[in-house]
Each structure stands twice: as C-alpha cells, then as structure tokens.
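**Student:**
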Amino acid sequence: MSKLSNILMMLEYLTTGRKYSIKELSEKLEVSPRMIRFYKDEIEKSGIYIDTIKGPYGGYVLNQKIGIPKRNQEINVLNQMILEKTQKAIQEKRKCIIEYQSKDAKEITIRTIHPYEIIKLNSEWGVAAFCELKQEIRHFYLNRIVKIDLLEKFDN
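Those letters in the sequence shown? Residues 10 to 165, by this note's numbering.
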C-alpha cells in the first residue's frame, strides 16, 4: 500500500482507543517498525498527536476523537485500473485525457485534467484535478471515469 493508505490505516487502528505496540502495527501494515515511527511523525505534523507509552508493554495510543472516512474495500477491476493510472499520473505529474460520465449517465464529456490527489468524495474515491475545460480545480468520481489516457508532463 502507499504511505498515505498506511497512515490512514494506522489511524483507523488507533481510533479504537486500544494501545498498539510498534511491532503490532508494523505486522498489521506489513512495514518495518522504522516506518511506523515515520508514520507517527507524519501524523503528528498534521496536528493529530499520538501518545507514546514507554516500556516493555508500551505502545501508541490515540487519546482524541478524530473523524476518518471509512475505507471502501470493494473496488471493481475497471475502477482499480483507473485508480492505478490516476496514481501514476499524479506521481509523474502528467496530464490525462478522460471520458467522464455525467451523474445521470446520459452523456460523456472528454476532459483534459491535471490530477493532484486521490480523495474520498462522500463514500467513494475520486480525484482532485485542474480541468482545462472548466479552467478550475474540479473533483471527479473514479467510478464515473469511463476511460483514461496519460499525456505529457505538466508544470506546477
């Protein structure tokens, strides 16, 4: 999984109020204990503080209420391919041309977008992107992207 996915998953575990050792978290997330410490630092940089209990029975505890969107574990094969191509475009800073289905599924528009981040829109996955057609940042639901092709790199 990506770092962001692992961080969100770690937060999901910690929001139960249970104490988790670094070893437990590293096994659950399938990363090294060093990465768990890195994730903790990243979470704390965003203003969410995790208490550290020292000693042989120590671990991490989250003593505050935070809202985390629940992850939708089911993503169909087409959406998975769209997600992977979108993530690749974000990593490589590439434009995409998409065929995007309207909410009522009556029309499909062709858009050139500059994707910036995978986001959660209500309970579904989406992408925040600059849309050349509308000349502004827009949010696109991944399940409404019918086709995606990667284009050249763009400047920030």
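All residues carry an ideal CB built from backbone N, CA and C; glycine is no exception. Quick caveat, the model's predicted, so the values are computed rather than measured.
Which stretch, first to last residue, makes up the alpha helix (DSSP H) that contains L17?
**Tutor:** Here residue 17 is taken as the residue at index 8 of the sequence shown, counted from 1. Looking at the DSSP string, the run of the alpha helix (DSSP H) that includes L17 is 12-23.
**Student:** Taking C-alpha atoms, which residue in I99, H123, H148 lies nearest to Q110?
**Tutor:** The residue you call residue 110 lines up with position 101 of the sequence shown. For the residues I99, H123, H148, the minimum Cα distance to Q110 belongs to H148.
**Student:** Which value, in whole angstroms, describes the spacing of the CA atoms of K28 and G68?
**Tutor:** Within the sequence shown, residue 28 is the residue found at index 19, counting from 1. Within the sequence shown, residue 68 is the residue found at index 59, counting from 1. Approximately 6 angstroms, taken between the alpha carbons.
**Student:** Would you report the Cα separation of E116 and M18, rounded to the nearest angstrom?
**Tutor:** As a first step, residue 116 must be located in the sequence shown, where it is residue number 107. As a first step, residue 18 must be located in the sequence shown, where it is residue number 9. Taking the straight line joining both Cα atoms gives about 36 angstroms.
**Student:** Note the first and the last residue of the continuous alpha helix (DSSP H) segment covering D60.
**Tutor:** Taking the sequence shown and counting its residues from 1, one reaches residue 60 at position 51. Per DSSP, D60 belongs to no alpha helix (DSSP H); it is in the beta strand (DSSP E), 60-62.
**Student:** What span of residues does the beta strand (DSSP E) with E145 cover, start to end?
**Tutor:** Translated into positions along the sequence shown, residue 145 becomes position 136. Unbroken beta strand (DSSP E) run through E145: 145-150.
**Student:** DSSP puts G70 in a beta bridge; with which residues?
**Tutor:** The residue given as residue 70 occupies position 61 in the sequence shown. The question names Gly, but residue 70 in the sequence shown is Val. Looking at the DSSP assignment, V70 forms a beta bridge with D60.
**Student:** Can you check whether the CB of E108 is closer than 7 angstroms to the CB of K143?
**Tutor:** Within the sequence shown, numbered from 1, the residue matching residue 143 stands at position 134. Within the sequence shown, numbered from 1, the residue matching residue 108 stands at position 99. No, they are not a contact pair.
**Student:** In whole angstroms, what is the alpha-carbon distance linking S14 and Y125?
**Tutor:** Looking up residue 14 in the sequence shown gives position 5. Looking up residue 125 in the sequence shown gives position 116. Distance between the alpha carbons of S14 and Y125 is about 16 angstroms.
**Student:** Skipping 5 residues on each side, what residues in its chain have a beta carbon closer than 8 angstroms to that of R46?
**Tutor:** Working through the sequence shown from its first residue, we reach residue 46 at position 37. If we look at R46 and ignore the five residues flanking it on each side, its Cβ neighbours are I31.
**Student:** What's the gap between the Cα of G56 and the Cα of Y150?
**Tutor:** Translated into positions along the sequence shown, residue 56 becomes position 47. Translated into positions along the sequence shown, residue 150 becomes position 141. Those two C-alpha atoms are separated by around 28 angstroms.
**Student:** Tell me which residues share the same chain as Y48 and place their Cβ nearer than 7 angstroms to its Cβ, disregarding the 5 neighbours each side in the sequence.
**Tutor:** Your numbering for residue 48 matches position 39 in the sequence shown. Excluding sequence neighbours, Y48 sits near N15, I16, M19.
**Student:** Let me check you understand the geometry: is the CB of I99 closer than 6 angstroms to at least one non-hydrogen atom of the ligand GDP?
**Tutor:** Only the bare structure without any ligand can be found here, which leaves the ligand GDP out of the picture.
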